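Take a look at the structure set out below.
Residue numbers (my numbering): 9 to 700.
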């Protein structure tokens, strides 16, 4: 193997067993590139693993010792570098079958020997230029996407914040607690979860619960249109005044209807129905439409109950604060109207848990969009628009800081333009542009996502629906460092047109979970391994054996239960460290003596078990048991034991001796006891005992 002095960070790999051929090709390219040389396929694969990110093209000879060109291609297909390195096959064989096999194996071009050096130089440069142009286009396409993502994120943030600001303004105008919105959200969310847990027909998804709880903030938005003399009247309203107050439900709907750009959003459907129907009652005696029973949307029923309880237990200009017990009594006795019996029972059965939620520190319930300050929410001279703009700017700054601190990569996909835009972290992590045009095609062809993980992407996307808009996947992606690392990708699909749903956008985030994956893998190995012997520990061995026995109707297998004869005397005479040395050696021998599908474990002290899967031949089991007994004796020789080390083995077979781990272990234990009783240093079958 020869590596030329580095003249450029970009390299060409020349693989040929004839040094002269390598020298000729090196002369063609050494002025522009560093040259890596390999005289056989094994060296080529090693160089690719070491320098894959630098190699611009590989010139591969077909006929070589040890490993020919096609064998190199076959092994390289499993490498992460295969999609990134164009391969030019150089061969004296010019048959169509060789050419076809080469192209189907993934080569970019085939050059026949003898070759014209100038033609080779031009063809190789063309291939490199094409690959460079491909990467350049990917970068440029991504760069155009970033500004749109930022603008879309600002608009989304603005929409949400305007709703919260308007809702809070209504509450402050009606002299209600600033925590009313947050408590309404909390009670609504709690009741939705409780209903979902108790009744199958109310199986709300996490996304739906979150959306309905947010929409609950708008239930009284229509009060902004109620005159102060009615809204703020401290005593009972007259019938005429009450009729005016009742119009806040329809006034709120008029406000929502004015938001034309958002009427297709599911969030606004929930908001509209909650705003209009949260004063409807189960017996049809509510307003404004007199709906009855399940004519009332369930989310409006939930918000209605939450609103009544919150109003009773909170201070209002027209009433004092009622105790929790008084509020429950009024609700149960129908003083606040009739409620859905299932909903009411759920509320009463879960009320203690709800109180625990509500008794959290108030700062945890405070609306996140409101600034914490001792000053009035808005000065007399400051209009609602000015205040909203000021707070929006603050939220924008907070979001930018939080996004930077989180380390996550956010993204937005526009289904209409097939444009994918990432946050700045994407470029830091993967390089290239933050915008990706023709995104689906680029994802299909990119080598930054591990090939075997790509089907996961299409599967998750295919399963997204208006009812289940959230998807989650774990992918391995190549970072700037050249390594493939694990990322968790969360996707939320946005839909429009309820009758014929159309996905218009995908938003989500990518989180690097590589360290978690590695740590989880390490902990799993550690948790299932006996630290002294390297075999499975008792818990892991029992679980694996039990899983196998449950996986088959009549599982075939044999359980060996063994221990070291007179092991206690070794500990007493030579110390526990010497005893540990014996156990370590036994564990090592057992792990090497059985198949990879067999389960070897230490279940305590000097007791070991081995489960041989899919074995039914008594002769084969006897040979293995005899081998194990001999293994114990060899351990003593290998560690230089002053006394002979022997072991005894009890054997139980499935299905004859049982179909569960416990039954097999009990039978194997009896067989082990019999082997000890008969003189030790031997094995015994449970089935033999039953014949006695």
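In this text, a Cβ means the ideal position worked out from N, Cα and C, and glycines have one as well.
Treat the numbers as computed from the prediction; the structure is a model and nothing was measured.
So is residue 630 buried or exposed if we call it buried at 16+ other beta carbons inside 10 Å? It counts as exposed.
Beta-carbon proximity list for residue 22, same chain, < 6 Å, skipping 5 on both sides: Within the same chain, Cβ atoms closer than 6 Å to the Cβ of residue 22 are found at 30, 33, 45 and 67, the five residues on either side in sequence being excluded.
Ignore the nearest five residues each way along the sequence and tell me which others in residue 634's own chain have a CB closer than 8 Å to its CB. Annotation for residue 634: 691 place their beta carbon closer than 8 Å to its own, counting only its chain and skipping 5 residues before and after.
Between the Cα of residue 481 and those of 497, 313, 204 and 451, spot the shortest distance and give me the residue it belongs to. Residue 481 has its Cα closest to that of 497, out of 497, 313, 204 and 451.
Using only CA atoms, which one of 636, 627 and 604 lies nearest to residue 593? Taking residue 593 as reference, the option from 636, 627 and 604 with the minimal CA-CA separation is 636.
Give a single yes or no on whether residue 676 has its beta carbon closer than 7 Å to a heavy atom of the ligand GDP. In terms of ligand content, the structure shown is empty, and the ligand GDP therefore cannot be addressed.
Three-state secondary structure (DSSP) at residue 423? Three-state result, residue 423: coil.
Within the chosen definition, does the segment 453-460 reach the segment 484-502 through at least 3 CB pairs nearer than 8 Å? With a cut-off of 8 Å, the segment 484-502 and the segment 453-460 count as touching, because enough Cβ pairs lie within range.
Between the Cα of residue 423 and the Cα atoms of 211, 435 and 446, which residue gives the shortest distance? When only C-alpha atoms are compared, the closest one is 446.
By DSSP's criteria, residue 429 is part of a beta bridge. Which residues make up the other side? 420 and 443, per the DSSP bridge assignment.
Do you know whose CA, among 231, 243 and 224, lies nearest residue 314's CA? Among 231, 243 and 224, the Cα nearest to that of residue 314 is on 224.
Please report the residue range of the beta strand (DSSP E) in which residue 74 lies. Secondary structure note for residue 74: it is in no beta strand (DSSP E), with a DSSP letter that is neither H nor E.
Just to confirm before moving on: does the CB-CB distance between residue 428 and residue 444 stay below 8 Å? In this structure, residue 444 lies closer than 8 Å to residue 428 by Cβ.
Helix, strand or coil: which one does DSSP assign to residue 629? Here DSSP, grouped into helix, strand and coil, assigns residue 629 to helix.
Could you give the DSSP three-state label for residue 649: helix, strand or coil? In the structure shown, residue 649 sits in coil (DSSP, three-state: anything other than H, G, I, E or B).
Span of the beta strand (DSSP E) holding residue 354? Where residue 354 is concerned, there is no enclosing beta strand (DSSP E), although the alpha helix (DSSP H) it sits in stretches over 349-357.
Segment limits, alpha helix (DSSP H) that includes residue 573: For residue 573, there is no enclosing alpha helix (DSSP H), as DSSP marks it with neither H nor E.
At the level of alpha carbons, what is the spacing between residue 500 and residue 544? The alpha-carbon of residue 500 is positioned some 41 Å away from that of residue 544.
Closest residue to residue 623 among 357, 660, 587 and 188 (Cα-Cα distance): Measuring from the Cα of residue 623, the nearest candidate turns out to be 660.
Closest by CA to residue 250, which one among 234, 265 and 262? The residue with the shortest Cα to Cα distance from residue 250 is 234.
Can you list, in chain order, the residues of its chain whose CB lies under 7 Å from that of residue 677, leaving out five sequence neighbours each side? Once the five neighbours on either side are set aside, the close Cβ partners of residue 677 are 569 and 658.
Taking the alpha carbon of residue 451 as the reference point, which residue from 465, 442 and 440 has its own alpha carbon closest? Per the Cα distances, 465.
Are the beta-carbon atoms belonging to residue 278 and residue 220 less than 8 Å from one another? Between residue 278 and residue 220, the gap from beta carbon to beta carbon is short of 8 Å.
Candidates 94, 448 and 612, of which the one nearest residue 546 by Cα: With distances taken between CA atoms, residue 546 lies nearest to 612 out of 94, 448 and 612.
Can you give me the start and stop residues for the beta strand (DSSP E) that residue 229 sits inside? First-last for residue 229: undefined, no H or E at that position.
Check for me: the beta strand (DSSP E) holding residue 494 runs from which residue to which? First-last of the beta strand (DSSP E) with residue 494: 492-504.
Does the beta-carbon of residue 477 have 16 or more other beta-carbons within 10 angstroms, so that it is buried, or is it exposed? Buried: at least 16 other Cβ atoms inside 10 Å.
Complete runs of the beta strand (DSSP E) confined to the segment 104-160 [at least 3 residues]: You should have 117-120.
Whose C-alpha, out of 298, 110, 87 and 115, is nearest the C-alpha of residue 61? The residue with the shortest Cα to Cα distance from residue 61 is 87.
For residue 610, the residue or residues it bridges with in DSSP: DSSP lists 616 as the bridge partner or partners of residue 610.
Would you say residue 322 and residue 188 are within 8 Å of each other, going by their C-beta atoms? Yes, the pair counts as a contact, with Cβ atoms nearer than the cut-off.
In three-state terms, what does DSSP make of residue 562? In the three-state reduction of the DSSP assignment, residue 562 falls in the coil class, being assigned neither a helical nor a strand state.
Distance, Cα to Cα, residue 388 vs residue 355? Bear in mind that the predicted position of residue 388 carries a pLDDT of just 39, short of 50, making it unreliable; the figure below should be weighed with that in mind. Approximately 41 Å between the Cα atoms of the pair.
Within this structure, are the beta carbons of residue 351 and residue 309 separated by less than 8 Å? Against a cut-off of 8 Å, the Cβ pair of residue 309 and residue 351 comes out as a contact.
Quick one: Cα of residue 337 to Cα of residue 319, how far? Whole-angstrom Cα-Cα distance: 14 Å.
Rounded to whole angstroms, what is the Cα-Cα separation between residue 78 and residue 94? CA-CA distance, residue 78 to residue 94, rounds to 15 Å.
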